[in-house]
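Residue numbers (this note's numbering): 804 to 1490.
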Amino acid sequence: MAAQPSPVQYETSVYQAGLHDHRPPFTFKSEEWEPLALARLSASSKGYVHGNAGSGGTYKKNLAAFEKYSIVPNRLVPSLKDSEGNSLFSDSSTTVLGQKLNFPIAMAPVGVLRIFNPEGEIAAAKAANAVGVTYIMSTASSTSIEDVAEANGDDGHRWYQLYWPPNANNDITISILNRAKKAGFKALFVTLDTYVLGWRPSDMDNGYNPFLHADRIGVEVGFTDPVFQAHFKKEKGYEIYEASKNHAIDQEGGSIGEAAREWASLVFPGHSHTWEDIKFLQEHWDGPIVLKGIQSVSDAKKAVEAGVQGIVVSNHGGRQQDGGAASLSMLPKIVDAVGSKLDILFDSGIRCGADALKAIALGAKLPAVLETVKKDTPNKGKRFYKCQNWKETMGKCDMFLWEEEAATRAEAALLNQSRTEPRYQEDVRLPPRQEQFSVTPTPSYDFRAPSLRAPSQAGTFLSNYTNSNALDDGEETEDDFEEAMIKAEHDTQPIAQTIESLESHLPAPATPRTNRADPMVTPGKRKYSDIGLETPQTMRQPQLGLHDSGYGGGDASERRASKRRAVDSDFLTMASPQSSPTPSRFRNAEETAVTQQTLFKDISAALTTHGVRLSDRVNHSLSQVCARYERKTHGLGKGREIARLALTAREAKVAELEHRINTLGAELNTERAIVKHLREAGDDDTL
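Here it is in structure tokens:
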């Protein structure tokens, strides 16, 4: 595996080649790779590589999940040093499954590559070695295990992915594992989510399953396996390669097609293994075992209990199950639960280097090894991190971090979840018509909180605010008045409590100026001083003695209403619909004057029946309270009536516009028909 240039060196080489008019043979725009490939593929191959399960919901979620995060870099960070003290551009190497890797990425196990390129897995294995990336071979390859290993080279890093045959065919599984181990594959990746192929409409539309065709695409691992060959010969009476010479090879039958279907039924048997079966793999594979397809915390914990060395958080790119969760959304929760107990890898949705960095920041372990203080010091037994390449750097890397401090720093990942940006707030519906809201600053170190992941709080609150119709659009509806009336009923004191508190909180008696007719009866002539609202100057303890005039004692100047409104709870209660000018066409002064006293008369009659006699001052104040309440109720009723009329008018306007749209549509269709007729007539004349 040749040494790779740094990103800066590679970028510079591209620009230097451009000085001599040497352009790269392929675009660097990763978003263009997919359409370029699809344009060259046949319909069946295009459907297979680009198709997904069901409506593609899981596939779309995989891509969208990366858009929820942003990379937030730290500046002026000291650069890394090599063994000679020279600054390094970066060190992207890492250790996974006990193996030192140049990069924290690997080529995922993709099968049937020969439908995309004649060299198939051979080309992919060579390319992986050329750029120093680990290659994962699929059981669904079009090339044998031995040929892929040879193409990857003796110095190549390679792992093997297993589509696991049923327990009844354990001898075939053992044969495959032995071949992979002998060919230099260092780790075993066991796919858990593909014991049956997903419901893929694009493949079904084309009637195409590459494993069933008589072209040996996707089945070569089985066709070159001696145990499977022996099984096939025992059942059919002839060998697979003899069949290609002595029997017809076609799409419907033929011995090659028959053998392909036999192999497909083994690797996609239609039923799953169990957690107990992991022991079988551990008995016959002496390297690391990784379970691919983990999507939940509970399964991740079971993987730890099973004793495997790693898991892949994956949903097969959305090809196996529709309606699933995005892999990236599950990654942080799984890392929080088991990240310190096994290696966690990730796939599904990565489209560029930034996506890979986001996945690493959300789930990768610290690039360090954990040690324990062994000397007899106050810190004996405490665990700490040091550079995992400490020996290779000749001890020049001075990284040192206590375990508890490392956990805190890990939570402050360089993402949208970091301490520098707001985090996700779970969907919370706000109450209707809430007038204002605020965003609480995000805690500095709370990266693992499952309820604080994804877009910013402000955006989430705003969307909820809109969805719950809490934003006032300037139009009043019947529901608005209904809510206001309910609030008014709750705000109004019960009559019994009013009577009990009147003696100690009586307002100043009305003067001739404030005892005039209701100023609301005549719109446009109201003044604040005419309303006669009590102010702090008039809310003094009243005289209990009565005067001949029928009004309470006190100087008239003290009883004079202030020209400023008193901002208190009483004012907030009284500043209701009757306190705002209402057009005269919606008011009936005579009706209002009559209904305002109905409640007071009912209360007086009830009190008289029970032998309760109130003083004139109490009667007067009670009359004002009742009048105020009835005016409020009357105003709300009128408001609801106005709202109904407005809604009716709006509905009529909408109906009128819909009718107009339909009319215009009909006219447009007529015009199109005329134009079409004229064109056809013109063509006939030409002929």
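All residues carry an ideal CB built from backbone N, CA and C; glycine is no exception. Keep in mind that this is a model prediction, so the values were computed, not measured.
Going along the chain, which residues of its own chain have a beta-carbon closer than 7 Å to the beta-carbon of residue i, five neighbours each way excluded?
{"i": "GLN1112", "result": "LEU900, PRO1091, ILE1092, VAL1093, LEU1145 and ASP1146"}
{"i": "ILE908", "result": "VAL936 and ALA1159"}
{"i": "ILE1153", "result": "ALA1159 and ALA1162"}
On the DSSP bridge assignment, give the partners of residue i in chain order.
{"i": "PHE992", "result": "GLN964 and VAL1093"}
{"i": "TYR938", "result": "MET910 and ARG961"}
{"i": "GLY1113", "result": "VAL1093 and ASP1146"}
{"i": "THR775", "result": "Limits of the chain in this structure are 804 at one end and 1490 at the other, which puts residue 775 out of reach."}
{"i": "LEU1417", "result": "According to DSSP, LEU1417 bridges with nothing at all."}
{"i": "LYS849", "result": "Answer is none; LYS849 lacks a bridge partner."}
{"i": "LYS984", "result": "DSSP, once it has assigned bridges, lists no residue as partnering LYS984."}
Using the beta-carbon count (16 or more within 10 Å), is residue i buried or exposed?
{"i": "HIS960", "result": "buried"}
{"i": "GLY850", "result": "buried"}
{"i": "GLY1156", "result": "exposed"}
{"i": "PHE829", "result": "exposed"}
{"i": "TRP836", "result": "exposed"}
{"i": "MET1477", "result": "A small fix is needed here, since residue 1477 is Ile in this sequence, not Met. ILE1477 comes out exposed."}
{"i": "TRP1078", "result": "exposed"}
{"i": "ASP1158", "result": "buried"}
{"i": "SER1241", "result": "At SER1241, the pLDDT of 38 sits below 50, so the modelled position is not reliable; the number obtained from the coordinates is stated separately. So SER1241 counts as exposed."}
{"i": "VAL1415", "result": "exposed"}
{"i": "LEU1467", "result": "exposed"}
{"i": "ARG1443", "result": "buried"}
{"i": "VAL1457", "result": "exposed"}
{"i": "THR976", "result": "buried"}
{"i": "ASP1089", "result": "exposed"}
{"i": "SER1058", "result": "buried"}
{"i": "ASP1028", "result": "buried"}
{"i": "ALA1484", "result": "exposed"}
{"i": "LYS903", "result": "exposed"}
{"i": "ALA1469", "result": "exposed"}
{"i": "ARG1475", "result": "exposed"}
{"i": "THR1412", "result": "exposed"}
{"i": "ILE925", "result": "buried"}
{"i": "THR1436", "result": "buried"}
For residue i, collect the residues of the same chain with a Cβ closer than 6 Å to its Cβ; drop the 5 residues on either side in sequence, then sort them by chain order.
{"i": "ALA928", "result": "TYR938, VAL951, ALA954 and ASN955"}
{"i": "LYS1479", "result": "none"}
{"i": "SER896", "result": "ASN905"}
{"i": "LEU822", "result": "none"}
{"i": "CYS1429", "result": "LEU1402 and PHE1403"}
Would a C-beta distance cut-off of 7 Å place residue i and residue j closer than the cut-off?
{"i": "TYR966", "j": "SER1075", "result": "no"}
{"i": "ASN1009", "j": "SER845", "result": "no"}
{"i": "TRP962", "j": "ALA986", "result": "no"}
{"i": "SER941", "j": "GLY923", "result": "no"}
{"i": "SER1151", "j": "ASN865", "result": "yes"}
{"i": "ASP958", "j": "HIS1119", "result": "no"}
{"i": "ALA1537", "j": "ALA1140", "result": "Here the chain has residues from 804 to 1490 only, and residue 1537 is not among them."}
{"i": "LEU1015", "j": "HIS1087", "result": "no"}
{"i": "VAL1526", "j": "SER1068", "result": "Nothing can be reported for residue 1526, as the shown portion of the chain is limited to 804 through 1490."}
{"i": "PHE1149", "j": "GLY1166", "result": "yes"}
{"i": "SER1424", "j": "PHE1403", "result": "no"}
{"i": "ALA1063", "j": "ILE1043", "result": "no"}
{"i": "TYR813", "j": "GLY1121", "result": "no"}
{"i": "LYS1095", "j": "THR994", "result": "yes"}
{"i": "LEU1134", "j": "VAL1107", "result": "no"}
{"i": "VAL875", "j": "MET910", "result": "no"}
{"i": "GLN964", "j": "PRO1013", "result": "no"}
{"i": "GLY1040", "j": "TRP1066", "result": "no"}
Closer than 8 Å by C-beta to residue i: which residues in its own chain qualify, once you throw out the five before and the five after it? Chain order, please.
{"i": "PRO808", "result": "SER816"}
{"i": "ASP1358", "result": "With a pLDDT of 46 at ASP1358, under the threshold of 50, the modelled position of this residue cannot be trusted; read the value that follows with caution. If we look at ASP1358 and ignore the five residues flanking it on each side, it has no Cβ neighbours."}
{"i": "GLN819", "result": "none"}
{"i": "LYS832", "result": "none"}
{"i": "VAL1138", "result": "ILE1147, LEU1165 and GLY1166"}
TODO: Count the C-beta pairs between the region 850-863 and the region 1001-1011 that are closer than 8 Å, then say yes if the count reaches three, no if not.
DONE: yes
Open item on the list: Count Cβ pairs between the region 968-977 and the region 1098-1118 that sit closer than 8 Å; are there 3 or more?
Closed with: no
TODO: Would you check if the region 942-961 and the region 877-886 touch, i.e. whether three or more CB-CB distances between them fall below 8 Å?
DONE: no
TODO: Evaluate contact between the region 865-873 and the region 930-937, counting only Cβ atoms and requiring at least three cross-stretch pairs below 8 Å.
DONE: no
Task: Three-pair Cβ contact test at 8 Å for the region 906-922 versus the region 1015-1027 - done: yes
- [ ] Would you be able to state if there are at least three C-beta pairs under 8 Å between the region 1143-1162 and the region 1111-1131?
- [x] yes
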